[in-house]
Amino acid sequence: MNSRDRILGRVRRALADVPPHDGSYEEAVPRNYLREHGKRTLQETVDLLAENLADYRAIVHRTDTADLPHLITRLLAAHGSTEMLVPPELPASWTAAADPVRIHDRAELTPERMDRVASVVTGCAVAIAETGTLVLDGSPDQGRRRISLIPDHHICVVRVPSQVVASVPQALERLDPTSPLTWISGPSATSDIELNRVEGVHGPRTLEVILLDD
Amino acid sequence: MSGTFVGMPAFPEAARTAVDDPTLRGNLRHATHTIRAKRASAVAELADWAELREAGRRIKDHTLRHLDRFLEQLEASVTAAGGTVHWAEDAEEANRIVAALVKETGESEVVKVKSMATQEIGLNEALQAEGIRAYETDLAELIVQLGKDRPSHILVPAIHRNRGEIRDIFTHEMAAWGRPAPEDLTDTPADLAEAARLHLREKFLRAKVGISGANFMVAETGTLVVVESEGNGRMCLTLPQTLISVVGIEKIVPTWRDLEVFLQTLPRSSTAERMNPYTSMWTGTSDEDGPRAFHLVLLDNGRTDTLADQIGRQALRCIRCSACLNVCPVYERAGGHAYGSVYPGPIGAILTPQLRGTASEIDASLPYASSLCGACYEVCPVAIDIPEVLVHLRERIVQGGPAVRHGNKVVLRPARGHAAERAAMRAAAWAFGHPGALRTGQRLAARSRRLHPRTLPGPGRAWSATRDLPAMPAEPFRDWWQRTHGGKDAK
Amino acid sequence: MRVALFLTCVNDTLYPETGKAVVKLLARLGVEVGFPMGQTCCGQAHYNTGYRHEAEPLARRFAEVFGEYEAVVTPSGSCAAMVRELYPRMGERARAEGRGDSLARTVAPVVPRTYELTEFLVDVLGVIDVGAWYPHTVTYHPTCHGLRSLGLGERPRRLLEAVRGLDLVELPGAQECCGFGGTFAVKNAAVSAAMGADKVRNAESTGAEVLCAADNSCLMHIGGTMTRLKAGMRPVHLAEILASTEEDPAR
Chain A
1 MNSRDRILGR VRRALADVPP HDGSYEEAVP RNYLREHGKR TLQETVDLLA
51 ENLADYRAIV HRTDTADLPH LITRLLAAHG STEMLVPPEL PASWTAAADP
101 VRIHDRAELT PERMDRVASV VTGCAVAIAE TGTLVLDGSP DQGRRRISLI
151 PDHHICVVRV PSQVVASVPQ ALERLDPTSP LTWISGPSAT SDIELNRVEG
201 VHGPRTLEVI LLDD
Chain B
1 MSGTFVGMPA FPEAARTAVD DPTLRGNLRH ATHTIRAKRA SAVAELADWA
51 ELREAGRRIK DHTLRHLDRF LEQLEASVTA AGGTVHWAED AEEANRIVAA
101 LVKETGESEV VKVKSMATQE IGLNEALQAE GIRAYETDLA ELIVQLGKDR
151 PSHILVPAIH RNRGEIRDIF THEMAAWGRP APEDLTDTPA DLAEAARLHL
201 REKFLRAKVG ISGANFMVAE TGTLVVVESE GNGRMCLTLP QTLISVVGIE
251 KIVPTWRDLE VFLQTLPRSS TAERMNPYTS MWTGTSDEDG PRAFHLVLLD
301 NGRTDTLADQ IGRQALRCIR CSACLNVCPV YERAGGHAYG SVYPGPIGAI
351 LTPQLRGTAS EIDASLPYAS SLCGACYEVC PVAIDIPEVL VHLRERIVQG
401 GPAVRHGNKV VLRPARGHAA ERAAMRAAAW AFGHPGALRT GQRLAARSRR
451 LHPRTLPGPG RAWSATRDLP AMPAEPFRDW WQRTHGGKDA K
Chain C
1 MRVALFLTCV NDTLYPETGK AVVKLLARLG VEVGFPMGQT CCGQAHYNTG
51 YRHEAEPLAR RFAEVFGEYE AVVTPSGSCA AMVRELYPRM GERARAEGRG
101 DSLARTVAPV VPRTYELTEF LVDVLGVIDV GAWYPHTVTY HPTCHGLRSL
151 GLGERPRRLL EAVRGLDLVE LPGAQECCGF GGTFAVKNAA VSAAMGADKV
201 RNAESTGAEV LCAADNSCLM HIGGTMTRLK AGMRPVHLAE ILASTEEDPA
251 R
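Protein sequences, first through last, are from chains A, B and C.
Those letters in the first sequence? Residues 1 to 214, by UniProt numbering.
Those letters in the second sequence? Residues 1 to 491, by UniProt numbering.
Those letters in the third sequence? Residues 1 to 251, by UniProt numbering.
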């Protein structure tokens with residue numbers, strides 16, 4: 001008998017008290033919690049997202065399609081970036097006005113090389129207003145998980161209101177678990193020193209979120 | 001980590017030392033009081049907290065009651081997604097599996113995401129013995145590793161250290177492990193975090209093997225979830241070519257949708273945030289993105305024994321949030337080390353004696369490390385009735401009885417050292433069953449009251465060393481009642 | 001309504017004044033209580049220390065002694081919680097151990113009829129102002145089992161606020177356990193004492209003359225710590241404050 005069978009055997013013996021007809025999972029779990037907290041218009045939901053992002057020290061900008069390239073250019077310049085990482089299918093117009101050299105994320109790009117790139121620009125899959133969270137799912141406008149991790153400056157573009165949901169339950173409905181997912185709520189932080197939150201550890205220390213009007 | 005828990009004194013003795021350490025008392029008081037108020041307000045933001053808590057409890061209970069089925073389902077979905085599943089009965093087997101997997105890669109160092117399961121099995125020491133160096137990358141774990149210390153909190157293993165102590169550890173120890181601390185390192189938390197960032201970055205960038213635990217495993221999809229703050233988790237989960245996750249078998253949730261409950265309750269309960277900075281979710285391996293090889297080691301190590309106890313099994317609902325530690329008045333004063341386990345605080349007091357058994361002095365003392373005030377139960381996001389389990393385990397210790405150890409049914413003998421107490425409890429129960437005898441005792445005590453000392457010798461000193469005894473009244477109430485009400489309602 | 005006083009073994013032996021206060025208070029409110037002499041102990045110390053089986057006969061005795069009353073009032077949050085929360089659990093456990101329904105059936109009738117004093121006053125009698133007079137500065141410590149097991153909530157505070165002459169001041173860290181915890185007080189004496197000392201320091205910081213609670217076990221621990229630390233205040237049971245009047249004042 002191998003360990004798998006021994007463990008499963010122990011589990012079954014441990015559960016001898018559980019009757020064969022124990023009720024279904026659906027019956028066992030009440031789902032009477034809220035799908036979202038409070039009623040808001042789309043615009044109010046977007047406002048709440050902006051508020052909660054800022055509350056956890058993300059820098060929030062709002063713009064439209066026409067001004068987006070100029071805003072990105074300004075943000076990169078303000079950060080002093082000479083290079084920026086871009087995922088394979090970031091809309092070309094977003095960075096059309098930007099001076100920094102585009103470094104395209106390719107398999108042969110080593111972590112050491114990425115570490116020398118100052119900024120990264122990505123899209124996102126969904127944003128959660130109640131928690132101020134961005135979720136990236138590795139789609140071609142977001143790229144591999146590492147590109148939004150190694151550079152110290154992350155610019156993330158969220159299409160509003162189409163990519164915004166109110167709550168965690170609504171976000172999970174939109175996401176595909178087979179994709180690698182990264183949930184981001186503010187810049188990297190730690191509570192490890194005296195249980196006080198401090199921003200800025202291993203992930204990007206500056207997170208700029210652009211809310212782009214659809 | 002070079003500190004271990006072997007040969008720990010029983011809880012009361014270890015706690016006494018901690019209570020007398022003013023720095024430790026100050027550090028713990030400051031940290032736990034800071035987080036308590038924040039947690040309360042983060043929880044108060046959600047009008048449906050009670051419903052979320054109940055749903056979390058039910059999801060976990062249902063999973064535990066059908067754990068065999070969900071384990072098999074998880075194994076199938078992880079395998080289908082490109083992962084390899086291993087099963088480990090105990091710490092020794094889990095360590096052997098992990099060491100062999102690391103050796104297969106030809107590497108001699110690994111980067112680690114903070115993980116309670118690998119702390120529990122002593123993985124770092126086991127890898128060290130095989131010539132493999134494990135680097136802890138969570139800030140608090142790094143502080144513990146560099147300080148050759150032991151963890152004292154589930155979420156913040158270095159909670160017993162203040163900023164000044166952390167600065168000294170970084171200044172003196174970092175050089176031996178890699179990039180030294182900056183020469184002019186101050187004790188401001190931002191500078192300390194920056195020092196850790198610089199020290200660990202070179203390790204992340206060259207790492208070929210990452211080791212993690214997981215907060216949740218979704219049976220239907222094979223998805224693993226790691227909840228973190230710093231980004232060290234993301235580094236370890238995405239940059240290496242090989243990822244090995246060691247996860248307790250109780251960490252399963254049945255469906256993807258179940259995450260909607262725990263991703264709301266866990267961050268608010270642990271760091272008091274609406275959401276923690278980073279959460280990673282991965283299902284097997286993905287083309288081009290992340291590790292090429294993914295191994296999941298499913299760990300028993302006493303969990304099936306715990307599952308066999310119908311009252312004790314609720315401890316397996318735990319999602320390791322630490323809210324019970326932060327609110328516990330005993331933890332606040334005794335500190336985490338006194339619990340002699342990587343699981344300190346109220347949850348540790350019910351988990352450790354079930355995972356390890358109650359044979360050792362420290363483990364048998366843990367169920368008594370509580371005033372049963374109930375604050376832990378009140379804050380638990382999966383409604384573990386910790387006081388109920390504590391009392392249940394006390395019963396197992398003083399009275400013995402059936403239990404399961406290493407998968408075998410055993411009958412535990414009553415613990416030694418409780419004989420006098422047992423006799424006293426029985427005598428008291430007898431007296432309380434005979435009001436006449438009780439009354440005689442009360443009268444004797446009342447009449448001799450002028451002879452009573454205010455402090456006691458022998459075992460009574462445990463009380464009277466710090467507290468005066470109440471003065472004995474001239475007569476017990478029942479005598480007064482008899483005199484004044486003439487035995488009305490006498491029975 | 002036939003109402004019994006369940007005084008508890010600790011109060012009977014050590015704090016008869018609390019019992020007398022309950023009798024006086026309820027008489028003033030028109031309730032004549034009985035004191036069945038067969039009462040002893042609810043078994044809480046046994047149960048909580050791991051001697052559930054030794055506690056079972058005490059639960060049966062309680063049910064038999066108080067069975068004929070419509071209400072049982074006790075000036076102890078933890079003993080009330082023992083009856084209300086843990087007697088049914090003991091019955092369930094006995095059943096699960098294959099020992100039948102006898103214990104569960106025996107205790108069932110008395111469980112919902114057992115009230116902690118402030119519950120009885122507020123919920124059953126419907127009074128907040130009990131006509132008391134107590135010209136002192138008081139801070140209130142909610143004891144754990146009253147607070148968390150019974151959910152006494154604002155009842156004790158509302159009763160205190162209605163007492164004439166009483167100045168109620170907020171206790172910092174009020175909801176933190178005082179460190180008594182039954183046998184915990186001696187099994188983990190160092191931590192228990194540290195908790196007690198912190199409670200006393202918090203109480204002293206209010207400047208109150210009196211620390212009030214609705215459970216004498218906790219007050220025995222807090223009071224013993226107060227005299228040892230030479231704190232300038234004293235512990236008083238809530239019942240004694242509520243019983244106090246201008247004609248017959250409490251200390």
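C-beta atoms are modelled at their ideal positions from N, C-alpha and C, and glycine is treated no differently.
On a predicted model such as this, the values are computed, not experimentally measured, just so you know.
message: Quick test of the definition: if touching needs 3 or more C-beta pairs under 8 Å, does the stretch 36 to 51 of chain B touch the stretch 215 to 226 of chain B?
response: no
- request: Could you tell me the distance, in whole angstroms, from the CA atom of R4(A) to the CA atom of E208(A)?
  value: 47 Å
query: So what's G248(B) in DSSP terms, helix, strand or just coil?
result: strand
task: Check each candidate in D141(A), D67(A) and R74(A) and name the one with the smallest Cα separation from V126(A).
output: Distance check between V126(A) and each of D141(A), D67(A) and R74(A) places D141(A) closest, using alpha-carbon atoms only.
message: Quick check for students: name the residue ranges of the beta strand (DSSP E) that lie wholly in the stretch 96 to 138 of chain C, counting only runs of 3 or more.
response: 114 to 116
Length-filtered (3 minimum) beta strand (DSSP E) runs lying within the stretch 236 to 300 of chain B: 242 to 248, 278 to 283 and 293 to 299
- prompt: Taking Cβ positions only, does Y51(C) come closer than 7 Å to chain B?
  reply: yes
query: Hey, H86(B) and H406(B) are a contact pair by Cβ (cut 8 Å); roughly how many whole angstroms apart?
result: Not quite, the Cβ-Cβ distance comes to about 19 Å (not below 8 Å), so this is no contact.
field: Length of the line joining the Cα atoms of F184(C) and V46(A)
entry: Computed Cα separation, rounded: 53 Å.
message: For M226(C) and V200(C), I'd like the C-alpha separation in whole angstroms.
response: When rounded, the separation of the alpha-carbon atoms in M226(C) and V200(C) is 6 Å.
query: In chain order, what residues of the same chain lie with their CB nearer than 8 Å to the CB of D289(B), ignoring the 5 residues before and after it?
result: T238
- prompt: Anyone know if the C-beta pair for V327(B) and V391(B) falls short of 7 Å?
  reply: For V327(B) and V391(B), no; Cβs fall outside 7 Å.
message: Between H62(B) and chain D, is the shortest Cβ-Cβ distance under 7 Å, so that the two count as touching?
response: The structure shown contains no chain D; the protein chains it does contain are A, B and C.
message: Would you say H202(A) lies against chain B (beta-carbon separation less than 7 Å)?
response: True, the Cβ-Cβ gap to chain B drops below 7 Å.
- prompt: Taking C-beta to C-beta, are G336(B) and S152(B) nearer than 7 Å?
  reply: yes
query: When DSSP builds the beta bridges, which residues end up paired with S212(B)?
result: Per DSSP, S245(B).
query: What separation, rounded to the nearest whole angstrom, lies between the Cα atoms of Y134(C) and I241(C)?
result: 6 Å
- request: Using the Cα positions of E247(C) and Q175(C), report the straight-line distance between them to the nearest angstrom.
  value: 34 Å
- prompt: Within 10 angstroms of its Cβ, does I128(C) collect 16 or more other Cβ (buried), or is it exposed?
  reply: exposed
Same chain, Cβ closer than 7 Å to R145(A), five either side skipped, listed in chain order: G138, P180 and T182
task: Could you tell me the boundaries of the alpha helix (DSSP H) in which Y368(B) lies?
output: Premise fails: Y368(B) is in no alpha helix (DSSP H) and is neither H nor E.
- request: Assign R230(C) to one of two classes, buried (16 or more other C-beta atoms within 10 Å of its C-beta) or exposed (fewer than that).
  value: According to the sequence as given, residue 230(C) is Lys; it is not Arg. So K230(C) ends up on the exposed side.
message: Can you confirm whether L325(B), when its beta carbon is compared against all beta carbons of chain A, has any partner nearer than 7 Å?
response: no
message: If the criterion is Cβ atoms closer than 7 Å, does the pair S191(A) and M275(B) meet it?
response: no
message: Rounded to whole angstroms, what is the Cα-Cα separation between A104(C) and L316(B)?
response: Taken atom to atom, the span from the alpha-carbon of A104(C) to that of L316(B) is near 28 Å.
- request: Output the distance between the C-alpha atoms of G3(B) and E125(B), rounded to the nearest integer angstrom.
  value: With a pLDDT of only 47 at G3(B), under the threshold of 50, the placement of this residue in the model should not be trusted; the figure read from the coordinates follows. Cα to Cα, G3(B) sits roughly 10 Å from E125(B).
- request: Determine, using beta carbons only, whether A462(B) comes closer than 7 Å to chain A.
  value: no
query: When the Cα of G65(C) is compared with those of V130(C), T114(C), G223(C) and C178(C), which residue comes out closest?
result: Here the sequence assigns Val to residue 65(C), which means Gly is not the residue at that position. With distances taken between Cα atoms, V65(C) lies closest to T114(C).
message: Please identify the residue among G98(C), A45(C) and H221(C) whose C-alpha is closest to the C-alpha of V83(C).
response: A45(C)
- prompt: V226(B) to M217(B), Cα distance in whole Å?
  reply: 9 Å
Cross-strand partners of D22(A) (DSSP beta bridge): Answer is none; D22(A) lacks a bridge partner.
message: For a cutoff of 7 Å on Cβ pairs, would you count P254(B) as touching chain A?
response: Cβ-Cβ to chain A under 7 Å: yes for P254(B).
message: Can you tell me which residues form a DSSP beta bridge with V120(A)?
response: L85(A) and H154(A)
The stretch 142 to 162 of chain A touching the stretch 96 to 113 of chain B, judged by at least three CB pairs closer than 8 Å: no
- request: Using a Cβ-Cβ cut-off of 7 Å, state whether K491(B) counts as contacting chain C.
  value: Bear in mind that a pLDDT of 46 at K491(B), under 50, signals an unreliable position, so the model cannot answer this.
Cβ-based burial, V411(B) [other Cβ within 10 Å; buried from 16]: exposed
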